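Residue numbers (our numbering): 35 to 411.
Cβ coordinates follow ideal geometry from the N, Cα and C atoms, glycine included.
Predicted model only: the values in this text are computed from it and were never measured.
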């Protein structure tokens, strides 16, 4: 009995939070990098690889909204240049970006928004999630888009918490990276931005003193990065300014319909009207039940808890928890009398930092799913 207790204590001593997190990172690494070239390229991967190869060998790339933004093609061409063109090399960066999602979870933990147990649970689900593993081994824009979006959220939380301009710069780089991946990023920016604007209005967060300067710098940085990549480092300026744009003493000619950004809106609006994929509005719910059942159930429970917080149902739930806790600890009436009513009210009014983060997750999840359900993509 004593030996069993000693062994249990040694296990607890060895398996610290940091070591368990590292183990999960190793598991995620194995699931993303082992036998990376075992499966033949999907037709999307083949298209992306071919365009990247042509960019490398012929320096030919021009924005086409059917094939999304330039980030994937430039980084894939760079890998082909460094390591040679192959199926394995094509999938290396998606695997790396999928792996880097887990350190971002640790960054949220370092801010105090989630506990150690919550951090390990999130890291576990990201590490073994079928969707996460699949798209981390897949040369498409999805995993890059997810990484940059998550990085943006983390950087914004750090910016409002630490009040340091460097996190605003990171947020700007993440925004530009995501905008250079897929065309729906402006909508995602509205979703994320609206949450932080509401939080500012509710005084849950506050702006640092130099926020105006930071905002101007970030906007200019995003514009510069996006213009650089979308124009092919200046080779196709018509993507931004349109074809046959002329400034002369007699006037100014600008055809908006020839710009890349107008074509993007036109193309994806047309795709939405065609309903090329179709399906009911609840299309993603059965998929989540099929592939991500534990995550879906926990997300549903968390959403309900957030929605009822501050309501009568929440009060009933807290009282039930208190009754069970009191029965376990067998507190006497005298013990309870030591806790004043003012202390109880203060405890109920206290909003933990995690509450805001979980609200942001629910806001992000619900509005994003509603958006994709509407556009049918």
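Length of the line joining the Cα atoms of residue 73 and residue 171: It is roughly 10 Å from the alpha-carbon of residue 73 to the alpha-carbon of residue 171.
message: In this structure, how does DSSP classify residue 200 when only helix, strand and coil are distinguished?
response: In this structure, DSSP gives residue 200 a helical state, which the three-state scheme calls helix.
- prompt: How is residue 114 classed by DSSP in three states: helix, strand or coil?
  reply: When DSSP states are grouped into helix, strand and coil, residue 114 belongs to the helix group.
message: On the criterion of 16 or more Cβ atoms from any shown chain inside 10 Å, does residue 86 qualify as buried, or is it exposed?
response: By the neighbour-count rule (16 or more Cβ atoms within 10 Å), residue 86 is buried.
- prompt: Can you tell me the Cα-Cα spacing of residue 329 and residue 388, whole angstroms?
  reply: Put simply, the backbone Cα of residue 329 is about 18 Å away from that of residue 388.
task: Please confirm if the segment 124 to 144 is in contact with the segment 57 to 64, defined as three or more CB-CB distances below 8 Å between the two stretches.
output: The segment 124 to 144 vs the segment 57 to 64: in contact.
query: Is the beta carbon of residue 104 less than 7 Å from the beta carbon of residue 173?
result: Result no, Cβ atoms of residue 104 and residue 173 do not sit closer than 7 Å.
field: Inter-residue Cα distance where the pair is residue 125 and residue 64
entry: Counting only the Cα atoms, residue 64 lies some 14 Å from residue 125.
query: Can you list the alpha helix (DSSP H) stretches of 4 or more residues lying completely in the segment 186 to 262, in chain order?
result: Taking 4 residues as the minimum length, the alpha helix (DSSP H) runs contained wholly in the segment 186 to 262 are 199 to 213 and 219 to 235, in order along the chain.
Whole-number beta carbon distance between residue 398 and residue 225, since they are thought to touch under 8 Å: Contact flag correct, Cβ pair sits at about 6 Å.
- prompt: What's the call for residue 44, buried or exposed, on a 16-neighbour Cβ count within 10 Å?
  reply: That one is exposed.
Exposed unless 16 or more other CB atoms sit within 10 angstroms - verdict on residue 49: Exposed, by the Cβ-count rule.
task: Enumerate in chain order the residues of its own chain whose CB-to-CB distance from residue 78 is below 6 Å, with the five nearest sequence positions on each side excluded.
output: A distance below 6 Å between beta-carbons, with the five flanking residues on each side excluded, links residue 78 to the following residues of its chain, in chain order: 174.
message: Taking contact to mean 3 or more Cβ pairs, one atom from each stretch, closer than 8 Å, check whether the segment 390 to 410 and the segment 303 to 323 are in contact.
response: The segment 390 to 410 vs the segment 303 to 323: in contact.
query: residue 66: which of 100, 177 and 239 sits nearest, CA to CA?
result: Out of 100, 177 and 239, the CA that lies nearest to the CA of residue 66 is found in 177.
message: Considering only their Cβ atoms, is the gap separating residue 209 from residue 186 smaller than 7 Å?
response: Yes.
query: Does the beta-carbon distance from residue 99 to residue 298 come in below 7 Å?
result: Yes.
field: Among 70, 54 and 97, nearest to residue 216 - alpha-carbon criterion
entry: When each option's Cα is compared against that of residue 216, the closest is 97.
task: Pull up the distance between the alpha-carbon of residue 159 and that of residue 234, whole angstroms please.
output: Using only the alpha carbons, I get a separation of about 31 Å.
- prompt: Would you report the Cα separation of residue 396 and residue 277, rounded to the nearest angstrom?
  reply: The C-alpha of residue 277 is placed about 43 Å away from the C-alpha of residue 396.
- prompt: Rounded to whole angstroms, how far is the Cβ of residue 255 from the Cβ of residue 203, which I believe are closer than 8 Å?
  reply: Indeed they touch by this definition, with Cβ atoms about 7 Å apart.
message: Does residue 132 come out as helix, strand or coil in the three-state DSSP assignment?
response: Residue 132 sits in a helix when the DSSP states are folded into three classes.
- prompt: Does DSSP classify residue 43 as helix, strand or coil?
  reply: In the structure shown, residue 43 sits in a helix (DSSP, three-state: H, G or I).
query: Can you list, in chain order, the residues of its chain whose CB lies under 7 Å from that of residue 401, leaving out five sequence neighbours each side?
result: Excluding positions up to five away in sequence, the list reads 225.
Host alpha helix (DSSP H) of residue 398 (start-end): Counting along the chain, the alpha helix (DSSP H) containing residue 398 begins and ends at 387 to 409.
task: Would you grab the beta carbon distance between residue 293 and residue 275 for me? Rounded to a whole angstrom, and I think it's under 8 Å.
output: In this structure residue 293 is in contact with residue 275, their Cβ atoms being roughly 7 Å apart against a cut-off of 8 Å.
message: Quick check on residue 141 - is its C-beta less than 7 Å from some C-beta in chain D?
response: The displayed structure is made up of one protein chain only, and chain D is not part of it.
query: Among 246, 335, 258 and 214, which has the Cα closest to the Cα of residue 102?
result: From the listed residues 246, 335, 258 and 214, the smallest Cα separation to residue 102 is found for 214.
- request: Would you decide whether residue 266 is buried or exposed? Buried here means 16 or more other CB atoms lie within 10 Å of its CB.
  value: Buried, because 16 or more other Cβ atoms sit within 10 Å of the Cβ of residue 266.
message: In this structure, how does DSSP classify residue 10 when only helix, strand and coil are distinguished?
response: No statement about residue 10 is possible, as the shown extent of the chain runs from 35 to 411 and does not include it.
message: Within 10 Å of its beta-carbon, does residue 229 have 16 or more other beta-carbons around it, so buried, or fewer, so exposed?
response: By the 16-neighbour rule on beta-carbons within 10 angstroms, residue 229 is buried.
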